[in-house]
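Take 88 as the starting number for the sequence shown in the working numbering and just add one per residue.
Structure first, commentary second.
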Amino acid sequence: MNKTINKAIFPAAGLGTRFLPATKASPKEMLPIVDKPLIQYGVEECISCGIDEFIIITGKNKRAIEDHFDSAFELEENLRNAGKHKLLDEINKLEHIKFAYIRQRAALGLGHAILCAKPFVRDEPFIVILSDDVLEPGSTVLRDMIKIYEEKQSPVIAVEEVPKDEVQRYGIIDGVMKGGVYEINNLVEKPKPVDAPSNLGIIGRYILTPDIFDILEKQKPGAGGEIQLTDALRTLVKKRPIYGYAINGRRYDAGDKLGYLKATVDFALKNKELAAGFKKFLIEKIKTLK
Ligand code: G1P
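So this is what it looks like as structure tokens:
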């Protein structure tokens, strides 16, 4: 039976150490690309696929995320009185969306963060979005993954070929390509290049089924001493198929300074108000570079 997917989980309790000092007191999920925080890009990607229930796993110093998706009475009044209706619509456009927040008491890893959502997901399939993996505007990755899930009724994970010397930054899958998707037979979290079964890295888009929770409950800490989702998926793939979807289009690791800068440049060049001026600046700038 086809089950529609309604829920998306956003783990957002990480410490954001790659972006210190910016992330000392502010969540990395709130870093803006042009004028929107990272997490909102992920939320809007889900909304465009019909998802309207969001569970955000937060931690210490993450209050700004809740405030961002809440109403802002004083600001709204000000914008209304100033006749700034476009901005008012912009800040209110997600007001019909349901957000729930769960506080992860300690940053024990991605697997543990997902487990925190168990009481709210129960027996439904769900999406997991890692906000620092940003997809290019108009990406169809999530939509494509939902289609694969609906056909296969089994978990689907986004993957991308990554440089061989960067495999230790990712979960790496081993799989066989059949009919446009990888049938996964193994997954390893952050392997050394010599131990990596391939260079297919897991990207922060997952469609998971609730049977992952029972495995996560028993999952021992793995890479980095954290409870890893990848390790739980390795147990799950022995019981049921898991599929890997090779993403089309560009993905930015916006949790990394260089990746963040690349995303900012590309998104600014696609922004109607900024593109012309920014392009002019870049062309002039490039002339001065060696
Ligand atoms: C997490 C996952 C990893 C995945 C990566 C994608 O790692 O554990 O398997 O490849 O996200 O961004 P993190 O980047 O949180 O260390």
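In this text, a Cβ means the ideal position worked out from N, Cα and C, and glycines have one as well.
Check	Outcome
Quick check on arginine 321: does DSSP put it in helix, strand or coil?	helix
Compute every distance between the C-beta of leucine 348 and the non-hydrogen atoms of the ligand GTP, then say whether any falls below 7 Å.	The ligand GTP is not part of the structure shown, which contains the ligand G1P as its ligands.
In the structure shown, what three-state DSSP assignment does tyrosine 330 receive?	strand
Compute the beta-carbon to beta-carbon distance between glutamate 276 and glycine 258, rounded to the nearest angstrom, for a pair I have assumed lies under 8 Å.	5 Å
Between glutamate 116 and the ligand G1P, is the CB less than 7 Å from at least one heavy atom?	no
Does the beta-carbon of lysine 366 have 16 or more other beta-carbons within 10 angstroms, so that it is buried, or is it exposed?	exposed
Quick one: what's got a C-beta closer than 7 Å to glutamate 116's C-beta in the same chain, skipping five residues either side?	Ala99, Pro124, Leu125, Ile126, Ile152, Ser218
Using only the heavy atoms of the ligand G1P, determine whether one of them is closer than 7 Å to the beta carbon of aspartate 330.	Position check: residue 330 holds tyrosine in this sequence, whereas aspartate was assumed. Every heavy atom of the ligand G1P is 7 Å or more from the Cβ of tyrosine 330, so no.
Looking at threonine 145 and the ligand G1P, is the gap between the Cβ and the nearest heavy atom below 7 Å?	no
Would you check whether the ligand G1P has a heavy atom nearer than 7 Å to the C-beta of isoleucine 142?	no
Between Phe106, Ala245, Ala204, which has its C-alpha nearest threonine 145's C-alpha?	Ala204
Nearest CA to the CA of aspartate 282: which residue from Glu253, Pro224, Asn358, Ile143?	Glu253
Mind checking whether isoleucine 290 and arginine 338 have CB atoms under 8 Å apart?	yes
Measure the beta-carbon distance from arginine 230 to cysteine 136 and round it to whole angstroms, keeping in mind my assumption that it falls under 8 Å.	5 Å
Excluding the 5 residues flanking asparagine 148 on each side, which residues of the same chain have their C-beta closer than 6 Å to its C-beta?	Ala112
Quick one, which of Glu313, Arg321, Phe97, Leu295 has its alpha-carbon nearest lysine 239's?	Leu295
What are the boundary residues of the alpha helix (DSSP H) that arginine 190 is part of?	Here arginine 190 belongs to no alpha helix (DSSP H); instead the beta strand (DSSP E) covers 185-190.
Hey, would you say the C-beta of tyrosine 257 is under 7 Å away from at least one heavy atom of the ligand G1P?	yes
Kindly indicate which three-state DSSP category lysine 90 falls into: helix, strand or coil?	With a pLDDT of only 49 at lysine 90, under the threshold of 50, the placement of this residue in the model should not be trusted, and no figure is reported.
Quick check on the DSSP output: what are the complete beta strand (DSSP E) runs of length 3 or more inside the stretch 218-299, in order along the chain?	220-222, 243-248, 258-265, 268-276, 287-295
For glycine 331 versus glycine 225, is the C-beta spacing smaller than 8 Å?	no
Can you tell me the Cβ-Cβ gap for valine 208 and proline 297, rounded? I've got them flagged as a contact below 8 Å.	6 Å
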